[in-house]
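First up is the structure itself, then whatever we jot down about it.
There are 2 protein chains.
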Amino acid sequence: MSQLARVWGGHIMTECSSDAANNPLIRKLEGFTALSDADRITLARISAEPRQVVPGTDLVREGDAPDGVFLVMKGMAFRHKLRATGTRQIMAYLVPGDLCDLDVALLSEMDHTITAVSACEVVRLTPEMVADLLANHPQIARGLRKAQLVDEATLREWLVNIGRRSAAERLAHLFCELLLRMRAVGLASGDSYELPVTQIDLADTTGQTPVHVNRTLQELREQGLIELRSRRLKILDLPRLRALAEFRPNYLHLGDQAAA
Amino acid sequence: MSQLARVWGGHIMTECSSDAANNPLIRKLEGFTALSDADRITLARISAEPRQVVPGTDLVREGDAPDGVFLVMKGMAFRHKLRATGTRQIMAYLVPGDLCDLDVALLSEMDHTITAVSACEVVRLTPEMVADLLANHPQIARGLRKAQLVDEATLREWLVNIGRRSAAERLAHLFCELLLRMRAVGLASGDSYELPVTQIDLADTTGQTPVHVNRTLQELREQGLIELRSRRLKILDLPRLRALAEFRPNYLHLGDQAAA
DNA sequence: CGAACTTTTGATATCACTCAAGGGACGTGG
DNA sequence: CCACGTCCCTTGAGTGATATCAAAAGTTCG
Chain A
0 MSQLARVWGG HIMTECSSDA ANNPLIRKLE GFTALSDADR ITLARISAEP RQVVPGTDLV
60 REGDAPDGVF LVMKGMAFRH KLRATGTRQI MAYLVPGDLC DLDVALLSEM DHTITAVSAC
120 EVVRLTPEMV ADLLANHPQI ARGLRKAQLV DEATLREWLV NIGRRSAAER LAHLFCELLL
180 RMRAVGLASG DSYELPVTQI DLADTTGQTP VHVNRTLQEL REQGLIELRS RRLKILDLPR
240 LRALAEFRPN YLHLGDQAAA
Chain B
0 MSQLARVWGG HIMTECSSDA ANNPLIRKLE GFTALSDADR ITLARISAEP RQVVPGTDLV
60 REGDAPDGVF LVMKGMAFRH KLRATGTRQI MAYLVPGDLC DLDVALLSEM DHTITAVSAC
120 EVVRLTPEMV ADLLANHPQI ARGLRKAQLV DEATLREWLV NIGRRSAAER LAHLFCELLL
180 RMRAVGLASG DSYELPVTQI DLADTTGQTP VHVNRTLQEL REQGLIELRS RRLKILDLPR
240 LRALAEFRPN YLHLGDQAAA
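Note that the protein sequences, when read in sequence, are chains A and B. Position one of the first sequence corresponds to residue 0 (numbering that gives the first Met the number 0), numbered consecutively onward. Position one of the second sequence corresponds to residue 0 (numbering that gives the first Met the number 0), numbered consecutively onward.
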């Protein structure tokens, strides 16, 4: 927010992120449901021409009329709200493969803002494209709906996190969650991944003060649990970090292709 | 949780909540979209035979395979999670007209529990019924999808509430939100409504301690903002309560039938 | 190389938690 | 209809985790 915050204009650039195995959307949906070759081709086509977006760009702003659905292909973005008093709460991270709500076009007005934290590649899907996917590609539809349920479940888990865990536990939990989500789209190497956020962002995520986040991170480092430098997080002792956070990944519904 | 927590068995009883204007589901959806007479008849039929449920009954439990969608017709329920340490976080209230996630059948396992707080009337919609509504009743589908978006937006607002507001502000915000939601289904009289929760529940909702909730409620009472007795909340000074909570109802998307 | 931002440190304040116990309400059974 | 148990609400005293305020040190980048 203190950032430059330019609005996403008519932007630049191509670059084909097609190669199916590297397409985070395809990877993610395949974690949720079986896709046909035709499905993969459809998804690859849709996500073929992302726009490059500069850090700090608002993808949509609170008060805007929603205009299609955003899909993040690279980089990281988050949803957040600003209160009148100036405090901010971050309510979700969007990592590659993530979309914002499928049916958002039903609403007349956005109730929060989505901002790119790092340089991102983003695709905008028109309401028509979304409708086509949902109507004519049942497996894709299934995957997308499931992804949305997981987004909601994640929100609930964040509520538990902020409502009922201590400062250190909150951060630990966040780090564990993001590791799994980054892994699911092939963006973690071992137990480390890009985490392009400031300590201020972490504070606004976990409902704390930047100062306290700083001290808490130091604790986690001293205990040999993590390393966090130059926008990259390395988890040094995942089992202990998970135990500390009491992290149970069931709410992410990874690898449960089952169900009716 | 300390409650008896019997599992919802094959339960009793009928009683026809049909009369369209009193059907909370119909009222709620009409706030979101225009319904035809046929739509109203469909909805009335679906919700015609609620089961009576005793306070403390778990409608679904974490770990269960989801089996259809619940619709609350009367009373109040909430979603919550228990941590291993015994602490609990309530993540949503379900008031009459509310459903749990439409697509929940896509998941193999529930990641949280839903419990009736008061005596409730509840309808279980089978996955087939839900599919039929979504496929063959476009306006109903639209209303239901919108309702789901609002549920998600509400979750985000709760995150702001817990993450960034003081004890008094949190309670004030919750009370304001519930007033609007109860009004939307015709269950508020003036500025008061049934609120069948204990102070312990309020603590688990707002991420606080019961003791502190108690003291905070006393403050709100002393300031002439509310009255809370025998499971009924009366808001004495709504403007001041709203101001205290910095309550902006935009996230509830009430009365915006607009949008593409 | 300088400006803007971020991270770190120190000192102090406070809001909310903990522990503990008393009082009230409500229901059940004798 | 009283006695008793069980929740729930209330109060008090003491503590602790996290916030606040302020400033220095480190980074990043144009």
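Ideal Cβ placement from N, Cα and C applies to all residues, glycine included. Note that the structure is a prediction, hence the values are computed from the model and not measured.
So with CB distances below 7 Å, who are the chain B contacts of residue i?
i: A:G206; result: I161, G162 and R163
i: A:R141; result: L105
i: A:M75; result: Neighbours of A:M75 on chain B: none; closest Cβ ~18 Å, over 7 Å.
i: A:K27; result: Result: empty, since nearest Cβ-Cβ is about 14 Å, beyond 7 Å.
If you count every other CB in all the chains shown that lies within 10 Å of the CB of residue i, and 16 or more means buried, which is it?
i: A:A83; result: exposed
i: B:E226; result: exposed
i: B:H252; result: buried
i: A:V210; result: exposed
i: B:T197; result: exposed
i: B:L232; result: buried
i: B:S35; result: exposed
i: A:Q207; result: buried
i: A:E221; result: exposed
i: A:S165; result: exposed
i: A:S46; result: buried
i: A:L179; result: exposed
i: A:G29; result: Residue identity differs from the one stated: residue 29 of chain A is Glu in this sequence, not Gly. Flag for A:E29 reads buried.
i: B:T215; result: buried
i: B:Q217; result: exposed
i: A:N135; result: exposed
i: B:T204; result: buried
i: A:A137; result: In the sequence as displayed, the identity of residue 137 of chain A is Pro instead of Ala. Exposed, since its Cβ has fewer than 16 Cβ neighbours within 10 Å.
i: A:T32; result: buried
i: B:P238; result: exposed
i: B:R230; result: exposed
i: B:A76; result: buried
i: A:G261; result: The structure shown does not extend to residue 261 of chain A, since chain A is modelled only from 0 to 259, so the question has no answer here.
i: A:G9; result: Any answer about A:G9 is weak, because its pLDDT of 43 lies below 50 and its placement is not dependable; what the coordinates show is given next. Exposed, because fewer than 16 other Cβ atoms sit within 10 Å of the Cβ of A:G9.
i: B:R144; result: buried
With H, G and I counted as helix, E and B as strand and the rest as coil, what does DSSP make of residue i?
i: A:V59; result: strand
i: A:F277; result: This structure leaves residue 277 of chain A out entirely; chain A is present only between 0 and 259.
i: B:T114; result: strand
i: B:Q51; result: strand
i: A:H172; result: helix
i: A:A4; result: In this prediction, A:A4 has a pLDDT of 42, which is less than 50 and means its spatial position is unreliable; what the coordinates show is noted afterwards. A:A4 falls in the coil class under three-state DSSP.
i: A:A202; result: helix
i: B:M75; result: coil
i: B:R164; result: coil
i: B:E226; result: strand
i: B:L194; result: coil
i: A:M90; result: strand
i: A:L216; result: helix
i: A:E151; result: helix
i: B:V184; result: coil
i: A:R82; result: coil
i: B:L124; result: strand
i: A:L235; result: coil
i: A:L101; result: coil
i: B:A258; result: Caution is warranted here: a pLDDT of 45 is assigned to B:A258, below 50, making its placement in the model unreliable, and no coordinate value can be reported.
i: A:S16; result: For A:S16, the predicted structure reports a pLDDT of 40, less than 50, and the residue's modelled location is therefore unreliable. A value from the coordinates is still provided. Here A:S16 sits in coil by DSSP.
Cβ closer than 7 Å: which chain A residues qualify as neighbours of residue i?
i: B:T86; result: R163
i: B:N249; result: E108 and D110
i: B:R239; result: Simply none; closest approach about 16 Å.
Listing by chain order, which chain B residues have their CB less than 8 Å from the CB of residue i?
i: A:I83; result: Going by the sequence as given, residue 83 of chain A is Ala instead of Ile. Those are E245, listed as they occur along chain B.
i: A:H252; result: L106, S107, E108 and D110
i: A:E151; result: D100, D150, E151 and L154
i: A:R39; result: Within chain B, no residue comes near A:R39; the closest Cβ sits about 20 Å away, beyond 8 Å.
i: A:D255; result: L106, S107 and E108
Report the neighbours of residue i on chain B: residues whose CB is nearer than 9 Å to its CB, in chain order.
i: A:L232; result: Neighbours of A:L232 on chain B: none; closest Cβ ~21 Å, over 9 Å.
Along chain A, which residues have their Cβ under 9 Å away from the Cβ of residue i?
i: B:R261; result: Look at the range of chain B in this structure, 0 to 259, and you will see that residue 261 of chain B is not part of it.
Could you check whether the Cβ of residue i sits closer than 7 Å to any heavy atom belonging to the ligand ATP?
i: A:V210; result: This structure simply doesn't include the ligand ATP, nor any ligand for that matter.
Quick one: which chain A residues come within Cβ less than 8 Å of residue i?
i: B:R144; result: D102 and L105
i: B:M90; result: R155, L158 and V159
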